[in-house]
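As structure tokens, the structure follows; a few thoughts come after it.
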Amino acid sequence: MKKEVGIAIIFGVFVGLVLTFGVYVANTALQKKSQKETTTTATPSPSVQETTSSTIVLFNPDDGALVEKELLLVSGLTSANATVVVFVNNDEYVTTADQKGNFTVEVKLTGGSNVITTIVTELSGKQNEDTRVVVFSTANLDDAPLTSLPPTPSASPKSSVKPKESP
């Protein structure tokens, strides 16, 4: 039985050495192949491409603006020939930017707060969005009486203790 155990150990060591040698040879071959590919393959130089991102620059209206007219011009700048959709509350207005990217669309406001969402869709399919809130009021703010605000408490209370006078 000692003989059989000895043969099994020698056979196991031999198989382990053969497997280790095979892994070593395969690894060396892969490293040589990858080195050969990196030396013979020219890396492409990065090309300079003009990237145009889908952007919106709104000139009118300002966010949080208070307006006194029901009709409002929404105007801005975006990519050339892009489709511009303006949503005001539940109404939808569609226009197309000109060759320079300028657009203008007239929208109708409702009394009170109006959420104006402008969505630009380029010819490539890229989209960008801008949301602003405009308040439409029919009240004449120029003739409104000015009301005085109550005084605000100061941050540091005044001391009622008088300093001692020196004799």
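According to the working numbering, the sequence shown holds residues -19 to 147 in order. Glycine included, each C-beta is placed from N, C-alpha and C at the ideal position. In this text, all values refer to a predicted model and were calculated from it rather than measured experimentally.
C-alpha gap between residue i and residue j, whole angstroms
i	j	result
T118	T63	32 Å
E(-16)	I(-10)	10 Å
A9	V(-5)	21 Å
S27	E102	Model confidence at S27 stands at a pLDDT of 35, short of 50, so the residue's coordinates are unreliable; what they give is reported in the following sentence. Cα to Cα, the separation comes out at about 23 Å.
L51	D78	22 Å
L89	D43	14 Å
K153	G91	Summary: the structure shown does not reach residue 153, with the chain confined to residues -19 through 147, and so no result is reported for it.
T32	S93	Low local confidence applies: a pLDDT of 45 at T32 is under 50, so the model's placement there is unreliable, and no value is given.
E72	V47	20 Å
V85	A45	17 Å
T76	K12	58 Å
Residue j beta carbon less than 9 Å from that of residue i
i	j	result
N82	S104	no
V68	V95	yes
L57	K80	yes
Residue i burial status per 10 Å Cβ neighbour count (16 or more: buried)
i	result
L(-3)	exposed
N61	exposed
I(-13)	exposed
S59	buried
V114	buried
V(-7)	exposed
V87	buried
F116	buried
V37	exposed
V100	buried
Cβ separation of residue i and residue j, assumed to be a contact under 8 Å, to the nearest whole Å
i	j	result
T111	V66	In fact, because the Cβ distance is near 11 Å, the residues do not count as touching under 8 Å.
N108	T35	6 Å
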